[in-house]
Amino acid sequence: MTFLHQYPKAAKVAKANFIVAFIALAIGGLFGFIQALHRTDVFRGFFNSGEYYTLLTGHGVLLALIFTTFFIAGLFVWGVTRSLDREPENMTFTWSWFWLMTIGLIMTAVTILGGLVPDSSIRAAVLYTFYPPLQAHPAFYIGLALVIVASWMAGADWFWSYNKWRKNHPDERIPILTFMALFTMMMWYVCTIGVAVEVVGLLIPWSLGWVTEIEPLLPRTLFWYFGHAVVYFWLLPAYYVWYAILPKLSGGRLFSDAMTRIVFVIFLLLSTPVGYHHQYADPGISVGFKFYAMATTMLLLLPSLMTLFTVVASMEHGARQRGGKGYLKWIGKLPWDSPAFVGCALAGIMFAAGGFSGMINASMNINLLIHNTIWVPGHFHLTVGTAVALTFMAISYWLIPQLTGRKLKFKTLALIQPYAWFLGMTLMSNAMHRAGLAGVPRRTAEPQYSGFEFEPIFGTMAEMDWQIAIGGTILTISLILFLWVITASWMGGEKSDRPVDDYIPEPLSGAEHTPKILDNMKLWFALAIILVLLAYSFPLWEMISDGIFEPGALPRPS
Amino acid sequence: MIVFFIATVVYGFVAMDLKVIGNYETIDPQNLSDTPFGTPGVKEVTKNGATEYEVYVQTLQFAFLPGTSSPITVPADTRITFYITSPDVLHGFDVAGTNLNTMAIPGQISKFTTIFPEAREYGIVCNEYCGPAHHIMEGKIEVVPKSEFDKSNLVE
Amino acid sequence: MTENHSNSDSDSRNSSKRLVKILVIVGIGIPVLVELMTLFNLINVQIFDDEEVQEQPEPVAEVRQVTEGDTLFRDYRFPVTIELLRINVSAQEWRFELGLSVPDSVDREPLEIELDSMQLNSGKILAAGRNRSWNIQEGHTPPRIQAEWELPNGDIPGTLYISSFQQMQNDTASRVQQEVPLGNIPVRYNRE
Ligand code: HEM
Ligand SMILES: [Cu+2]
Ligand SMILES: [Cu+2]
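Chains as they are written, first to last, in my numbering: chain A, 1 to 558; chain B, 1001 to 1156; chain C, 2001 to 2192.
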């Protein structure tokens, strides 16, 4: 029996979340394609340069905030339901968070797309970071607030299931699929406090005109309190897949249950206090706190390195099970013809590269060379744009059949897709990194200036522009392949009781070897809060003590 | 490796003239006219008996003042301290291809000190999105040999 | 029958193996190559940096661009001064404003000024449209002309085509056209 038949209610919820996620991916990806052609001056005929920023807002919001959040919700519904062996506790509650989140998304999306309608007063070209005093339509902020609140409700839904389960299983370890989901959500609670306070406490009253002035640094700091942790909110579900499912796809089993739990605990503790590393170039935050954030950021490399180790070890185990031998030869025995495996594995490889460019970002002094240059999008297209997005796409090839009871169609196209993404992303990201070193800014419709020319260390600007445009085009083709395969399978795949093998084997080193203290959620949550207070209370106090809205700036409609 | 990275940065602090920005110094963005930003430009100051220069720059939608209509002209081999603030929205002030790179935030003053080693031109890019004409916001710094620096364009 | 079937089965297995091979070579090989080339170039630049001769960029034959304060029809009887050149930006508008003034001495013959068309940096050409021609009559002092265009958001005028009906030296009147390459147009936020 597959997931659909065992948990029909949960399957429906997960599917609904995936549909929204894929629509956001389709629209956001289309905007990405237009951006890649526009800013490189390869083709500017779609939209004018003022509208570019509306598209870029759409790209950032739809992909980084909407696609991820909805996909994660679907993934966790699947994982929690399955590992606790319970349908959601109350379907009315479950559907209410789904619809609340969707209404929020629609409000936000409408205000953004309003910017493409001539003379429309409904606009939100404020990018996904929405720094004031640039001001969007109030519905933009209200919609975002609804998405956040609904995501809290989703988390509460999973904790609810867990508590009910706990009553019947007082002495069992938290099943790993639930453990990872709950720790991710705890981190989400800690970090979204910042953006919730920002949006509800400052931006909504201000956009409605209840207060006229706003201090720009305070919301910006609150945003980045959230803004780095959100990266881990995207990444942890990818780890979720790599830890729980990828070993199985490569023919083996998870290497160590304990390692997995330790990694998630570390992320809960350290994800939020690092936010200032996005503000190295800001005035108004002292160097000492920036230094603290930098040290913490470096520490965060540790769990990622541990992940790399565990995942590679699990894959090697899998390959050897399949008859792989030798020092490196086992790699050839991995299932390089399975779309789900290939996508996850290539995403992991790209993440390692992204980690390297991330270390450079995190170093305060080097950061100033590349701060706000196109280097930065070059970096996070490796992390969120590939490690996360490609993992999500790849695992969809495995999840969607379980949720729809239909077999995957067009397997060849599905196999080409992750390879194409890897190729396109290498081209685009490589050139973005190089252009960033020359000083080319990000978020710029026409980064060609009349008064001076950029001087790349090697290569030419034209060559980099073309590389970005070609890479972006290949990515778009890959995205179309993905959407086509998923839609076709969902609508017309062959029905089957068991469309995929969805059995997940036990880890090599199981939960019985894992220290019990790792499951103590209250302890880790309290520690996480203390670390956040240490990092943030003083700078925030400095910003607030001279008046919450002081020194005040007037709004500028976007 | 992590230790290595932290060590490099500490080294960067100690050994180089580091330009990380960071002190909480506020200003009323709606009332710059009563401050040194009211007469933006290059000013001469004497510190410890040496002649140095201070540059006050306003970043506004969609120009550097000075920088866009006329270049910021400063001498080489001299300590120059930049003070940057914005009367309207967030902007960036990035001297292209260097690590002189700061945010300009209304209400805050960004300050950094540098010495340009050679006479040449640099482009200034606004690298933070600041509105529909963000991409046209650019400026120029002209570093001239110390001996050729013309003091008649200084502001009080 | 059966033989045929198993044949095509192994055929398809072979072809899928070949596909994987191609995909790995193209999909992973090219990326590795690109990264290696970058690494090589980076190291190359680091080591041989000193030898690199600073190439002076070729001086581009610069067209002198016209900005605020410049004069058109300089060699004619009635030169026209650009008083205002500006793009006003706000959330919904992207408005180009042009202000021209002509000397006070327009007291005898009427002067005619016409804005023919304008080419934008994006390549679009805006035709004259209505109210783009002025007849400056006697006693009209100081004659000042102001024109506005709503441009596509983000676009910037590159060249203006303007013509004027001017009195020539030999006392005949004739129409002269001037192509004005515009430069350095301030783009400012408009508070209104
Ligand atoms: C078809 C594939 C994609 C293409 C061609 C593409 C292209 C681009 C380009 C060219 C930019 C830089 C724009 C600029 O700074 O001016 C950008 C920014 C960005 N992209 Fe993508 N992208 C793609 C997929 C993704 C995915 C899958 C994600 C995340 C899930 C993503 C997240 C972002 C974010 C967060 C930004 C920054 C937006 C901002 O600066 O406000 N992109 N993208
Ligand atoms: Cu700006
Ligand atoms: Cu800008």
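Where is the CB? At the ideal position from N, CA and C, for every residue including glycine.
Everything numeric in this text was worked out from a predicted model, so none of it was measured.
Contact test: residue i Cβ vs ligand 1 heavy atom, cutoff 8 Å
i: R564(A); result: Since the first residue shown for chain A is 1 and the last is 558, residue 564(A) is missing from the structure and cannot be characterised.
i: L479(A); result: yes
i: F67(A); result: yes
i: L4(A); result: no
i: M491(A); result: no
i: M1103(B); result: no
i: P377(A); result: yes
i: L527(A); result: no
i: M428(A); result: yes
i: T310(A); result: no
i: G2183(C); result: no
i: Q35(A); result: yes
Reduced DSSP category for residue i - H, G, I as helix; E, B as strand; rest coil
i: I400(A); result: helix
i: Q1030(B); result: coil
i: R443(A); result: coil
i: I2082(C); result: strand
i: L6(A); result: It is Gln, not Leu, that sits at residue 6(A) in the sequence shown. Residue state, collapsed to three classes: helix.
i: M1137(B); result: coil
i: E213(A); result: coil
i: Q601(A); result: Any property of residue 601(A) remains undetermined from this structure, which presents chain A solely from 1 to 558.
i: V2106(C); result: Reliability fails at V2106(C), whose pLDDT of 49 lies under 50, so the model's placement of it is uncertain and no value is given.
i: S2016(C); result: helix
i: Y1056(B); result: strand
i: G510(A); result: coil
i: K407(A); result: coil
i: G542(A); result: First, the amino acid is wrong: residue 542(A) is Glu here, not Gly. Three-state DSSP puts E542(A) in a helix.
i: V1089(B); result: coil
i: N17(A); result: helix
i: D519(A); result: helix
Residue range of the unbroken beta strand (DSSP E) whose run includes residue i
i: M2118(C); result: 2111 to 2120
i: S314(A); result: Where S314(A) is concerned, there is no enclosing beta strand (DSSP E), although the alpha helix (DSSP H) it sits in stretches over 301 to 321.
i: T1098(B); result: Looking at the DSSP string, T1098(B) is not in any beta strand (DSSP E), and its letter there is neither H nor E.
i: G1123(B); result: 1121 to 1125
i: R1079(B); result: 1079 to 1085
i: F1112(B); result: 1110 to 1115
i: I1072(B); result: 1072 to 1075
Closer than 8 Å: residue i CB and nearest ligand 3 heavy atom
i: H1091(B); result: yes
i: S1129(B); result: The question names Ser, but residue 1129(B) in the sequence shown is Tyr. Result yes, Cβ under 8 Å from ligand 3.
i: P371(A); result: The sequence given here places His at residue 371(A); Pro does not occur at that position. No, since every heavy atom of ligand 3 falls outside the 8 Å radius drawn around the Cβ of H371(A).
i: F2040(C); result: no
i: F1062(B); result: yes
i: C1126(B); result: yes
i: M1137(B); result: yes
Where the alpha helix (DSSP H) through residue i begins and ends
i: D257(A); result: 257 to 270
i: Q2177(C); result: From DSSP, Q2177(C) is part of no alpha helix (DSSP H) but of the beta strand (DSSP E) over 2173 to 2181.
i: Q417(A); result: 411 to 437
i: L2100(C); result: Taken as a continuous stretch (DSSP letters only), L2100(C) belongs to no alpha helix (DSSP H), being part of the beta strand (DSSP E) at 2094 to 2101.
i: W2149(C); result: Careful: W2149(C) lies outside any alpha helix (DSSP H), inside the beta strand (DSSP E) at 2144 to 2150.
i: R82(A); result: 68 to 84
Discussion item. Any contact between the stretch 1109 to 1119 of chain B and the stretch 1065 to 1084 of chain B? By contact I mean 3 or more CB pairs, one from each, below 8 Å.
Written reply: yes
Discussion item. Measuring CB atoms only, is the stretch 448 to 457 of chain A touching the stretch 1094 to 1101 of chain B, in the sense that at least three cross pairs come out at less than 8 Å?
Written reply: yes
Discussion item. Taking contact to mean 3 or more Cβ pairs, one atom from each stretch, closer than 8 Å, check whether the stretch 474 to 486 of chain A and the stretch 58 to 73 of chain A are in contact.
Written reply: no
Item to complete: Kindly confirm or deny that the stretch 21 to 32 of chain A and the stretch 398 to 409 of chain A touch, where touching means at least three C-beta pairs closer than 8 Å.
Response: no
Discussion item. Can you pull out the residues from the stretch 1043 to 1059 of chain B whose beta carbon lies closer than 9 Å to at least one beta carbon of chain A?
Written reply: none
Item to complete: Count the C-beta pairs between the stretch 112 to 120 of chain A and the stretch 29 to 42 of chain A that are closer than 8 Å, then say yes if the count reaches three, no if not.
Response: no
Discussion item. Against chain C, which members of the stretch 1134 to 1149 of chain B pass a CB distance test of less than 7 Å?
Written reply: I1136
Discussion item. Closer than 8 Å is the cut-off here; do at least three beta carbon pairs connect the stretch 257 to 273 of chain A with the stretch 85 to 103 of chain A?
Written reply: no
Worksheet entry | Chain-ordered residues of the stretch 431 to 450 of chain A with a beta carbon less than 9 Å from chain B | L437, A438, G439, V440, P441, R442, R443, T444, A445, E446, P447, Q448, Y449, S450
Discussion item. Count Cβ pairs between the stretch 218 to 229 of chain A and the stretch 165 to 176 of chain A that sit closer than 8 Å; are there 3 or more?
Written reply: no
Worksheet item: the stretch 2147 to 2173 of chain C: which residues have C-beta closer than 7 Å to a C-beta of chain A, in chain order?
Response: P2152, N2153, G2154, D2155
Worksheet item: Any contact of the stretch 243 to 252 of chain A with the stretch 498 to 516 of chain A, i.e. 3+ C-beta pairs under 8 Å?
Response: yes
Practice prompt. Using a Cβ-Cβ cut-off of less than 7 Å, list which residues of the stretch 369 to 382 of chain A approach chain B; keep chain order.
Written response: L369, H371, N372, T373
Worksheet item: With contact counted as at least three CB pairs below 8 Å, one residue from each stretch, are the stretch 472 to 482 of chain A and the stretch 417 to 432 of chain A in contact?
Response: yes
Worksheet entry | chain C contacts from the stretch 1079 to 1092 of chain B (Cβ-Cβ distance under 7 Å) | D1088
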